[in-house]
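J.: Please read through the structure below; I'll follow up with questions.
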Amino acid sequence: MALTLHFNSVSNPFRSRCSENGNVNLTTAKILFRISSDLTTPKARFVVKRSETLAVKQLERPLMEYMSLPASQYSVLDAERIERVDENTFRCYVYRFKFFAFEVCPVLLVKVEEQLNGCCIRLLSCKLEGSPIVVAQNEKFSASMVNQISCGNGQGDSSSQQLSSDAEIEVTIDIPFAFRAIPVEAIESSGAQVLDQILRLMLPRFMAQLAKDYQAWASGDTSRQPLGSGKI
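As structure tokens, then:
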């Protein structure tokens, strides 16, 4: 950004001259000040990918049929952490965690896209709750997430099938002024470690809940009641 100041009709004694009648004529000077300032806010970017697989025992109703259910028939799995917004949109409350001593609790709005052998869970928006400095960042970051859920045949064993989850999260934040003394690389490393830890905790739990829900559905339970308790 450049700030330019113009001053007109300013007397300049260094360029004065005397007229024939002895009067002093002061020429008009135009004084130009140019102040340059780079106000670009430093940013940090966190990218984490993680995959999980789980062998699921095939029951009378196959896992592939369960994975082909329309989103409107999905169980929310954990009523303490997930609530249905509409047929294929859900609000998810992620576990609270610490980031540089500040408490963070992301609230995710996700959409489920049905696919041939599973589904894709895609992030629509993310809101931060927690410490005041964290809440203040809600307009200063962007996030994307995709979690591809699919099933396939188990290795040489028709009695089980492989349930897979491939997740990727990317977050870009404006670094708050209070953190700008910390090298960007250190912030990015810490942020990536936190996201990786969240996925390490959440994906296996999500997969276990999914397998448990499949077992209930395959056994004839059509209530689609959530089976989770909100605990890690």
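Heads up: the sequence shown runs through residues 30 to 261, numbered per the numbering used here. The beta-carbon is built from N, C-alpha and C at its ideal position, and this holds for glycine as well.
1) Can you tell which of Leu239, Gln177 and Ser189 has the C-alpha that lies nearest to the C-alpha of Lys78?
2) Below 8 Å CB to CB, which residues in the same chain sit around Ser187 once its five sequence neighbours on both sides are set aside?
3) Return helix, strand or coil for Tyr103, following the three-state DSSP convention.
4) Does the beta-carbon distance from Ser193 to Thr69 come in below 8 Å?
5) With 16 as the cutoff for other CB atoms within 10 Å, does Ala220 come out buried or exposed?
6) Contact between the segment 162-175 and the segment 194-204: three or more CB pairs below 8 Å?
7) Got a sec? Which residues, its chain only, sit under 6 Å from Val123 by beta carbon, not counting five neighbours each side?
8) Among the candidates Phe129, Arg125, Ser179 and Gly159, whose CA atom is the shortest distance from the CA of Gln144?
9) Per the DSSP calculation, Met231 is bridged to which residue(s)?
10) By Cβ distance, which residues of its chain are closer than 6 Å to Ser101, with the 5 residues on each side in sequence left out?
11) Under 6 Å Cβ to Cβ from Ala247, same chain only, skipping five residues before and after it: list those, please.
12) Hey, would you say Ala73 sits closer than 8 Å to Gln191, going by beta carbons?
13) Just to confirm, are Leu153 and Val163 a CB contact at a threshold of 8 Å?
14) Looking only at its own chain, which residues have a Cβ that is under 6 Å from the Cβ of Ser80, when we skip the five neighbours before and after it?
15) Flag Leu239 as yes if its beta-carbon sits less than 8 Å from any beta-carbon of chain C, otherwise no.
16) How many Å lie between Lys241 and Gln226 at the Cα?
17) Less than 7 Å between C-beta atoms, sequence neighbours within five positions excluded: which residues of the same chain meet that for Glu217?
18) Per DSSP, which residues does Pro135 bridge with? Please list them.
19) With H, G and I counted as helix, E and B as strand and the rest as coil, what does DSSP make of Asp250?
20) Quick check on the DSSP output: the alpha helix (DSSP H) that includes Leu92 runs from which residue to which?
T.: According to the structure data:
1) Gln177
2) Gln87
3) coil
4) no
5) Here residue 220 is Gly; the residue named in the question, Ala, does not match the sequence. Burial call: buried.
6) yes
7) Pro135
8) Ser179
9) For Met231, which the question treats as bridged, DSSP gives no partner whatsoever.
10) Glu116
11) Leu88 and Arg90
12) no
13) no
14) Asp195
15) The displayed structure is made up of one protein chain only, and chain C is not part of it.
16) 23 Å
17) Ala73, Arg74 and Phe75
18) Leu157
19) coil
20) Leu92 to Met96
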